[in-house]
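If you're matching positions, the sequence shown starts at 15 in my numbering and goes up one per residue.
In this text, a Cβ means the ideal position worked out from N, Cα and C, and glycines have one as well.
Notes follow once the structure below has been shown.
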Amino acid sequence: MRTLPKTTFSLILLCVFLTVCNGETTAAKALQHNEQGIRTLDTDPEKALYQFLKAAELDPKVPDYIANAGIALMTLNRNEEALQKFKEVISIDPEYAQAYYNLGVLLSAKGQNSEAIRNYEIALRLNPNMPEIVYNLALAYENSGNNKLAAANYANFLKIAPKNRQSAIQEAKNRLTKLQGPKTKGEKTARPERKRKKRG
Numbered sequence: 015m016r017t018l019p020k021t022t023f024s025l026i027l028l029c030v031f032l033t034v035c036n037g038e039t040t041a042a043k044a045l046q047h048n049e050q051g052i053r054t055l056d057t058d059p060e061k062a063l064y065q066f067l068k069a070a071e072l073d074p075k076v077p078d079y080i081a082n083a084g085i086a087l088m089t090l091n092r093n094e095e096a097l098q099k100f101k102e103v104i105s106i107d108p109e110y111a112q113a114y115y116n117l118g119v120l121l122s123a124k125g126q127n128s129e130a131i132r133n134y135e136i137a138l139r140l141n142p143n144m145p146e147i148v149y150n151l152a153l154a155y156e157n158s159g160n161n162k163l164a165a166a167n168y169a170n171f172l173k174i175a176p177k178n179r180q181s182a183i184q185e186a187k188n189r190l191t192k193l194q195g196p197k198t199k200g201e202k203t204a205r206p207e208r209k210r211k212k213r214g
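Next up, the structure:
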């Protein structure tokens, strides 16, 4: 059996060690860029975008970095680029609910309600406990003229919305009332029937 010389074996170990360490360093650097982007998104979305793109460049298999770049692009009103980023996220992770939701938001803004609905429904299937998806799905149905499904989704939103979302709750109630239309005279005055005493 032939053995490797000690120097060759040492070089192989060094290469393996450097590869592993470099990978960890790259992932750590990507995470740092992402965290810097998150901290600056509200105050400097352009700088945040740079940080998210740098993170994605360093670790392109992490969909969060690309999704965050998409959010920064939305903040900068660069919506076509944002659409592409969210599609890229879905190609990496088809179960990434937030990417479908953000696609729905962007498509709704463009008036592409049927595509928005499709994306909202996928997002809702992946994350059924997110009231924002239900509300925006209702809005997209309303904008597409499907008042029955819009009303059903507004009613669902009212069931699951957290109590601290009062303005959204009130808006959903108003929209639901409008969609249900004016009540007929019989609906307004309907009361349980009283038993009448027999006279006799």
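Residue span of the alpha helix (DSSP H) that contains residue i, given as start and end
i	result
residue 77	77–89
residue 195	No alpha helix (DSSP H) holds residue 195; DSSP gives it neither H nor E.
residue 129	127–140
residue 115	111–123
residue 74	Neither: residue 74 is in no alpha helix (DSSP H) and is coded neither H nor E.
residue 175	No alpha helix (DSSP H) contains residue 175, which DSSP labels as neither H nor E.
residue 105	93–106
residue 157	145–157
Contact belief for residue i with residue j at Cβ below 8 Å, rounded distance in angstroms
i	j	result
residue 87	residue 96	4 Å
residue 164	residue 130	Going by Cβ atoms, the distance from residue 164 to residue 130 rounds to 13 Å, so no, they are not a contact pair.
residue 111	residue 140	4 Å
residue 107	residue 142	That pair is no contact at about 18 Å.
When the options are compared against residue i, the one with the closest alpha-carbon
i	options	result
residue 94	112, 111, 123	123
residue 178	161, 158, 145	145
residue 125	156, 101, 188, 142	156
residue 69	90, 39, 56, 92	39
residue 91	114, 63, 141	63
residue 128	149, 158, 106, 119	158
residue 83	142, 115, 59	59
residue 48	65, 57, 102	65
residue 89	51, 109, 103	51
*For the stretch 65–83 and the stretch 36–52, state whether three or more C-beta atom pairs, one from each stretch, are separated by less than 8 Å.*
yes
*Spell out a yes or no on whether the stretch 168–177 and the stretch 127–137 are touching, meaning 3 or more CB-CB pairs, one atom from each, closer than 8 Å.*
no
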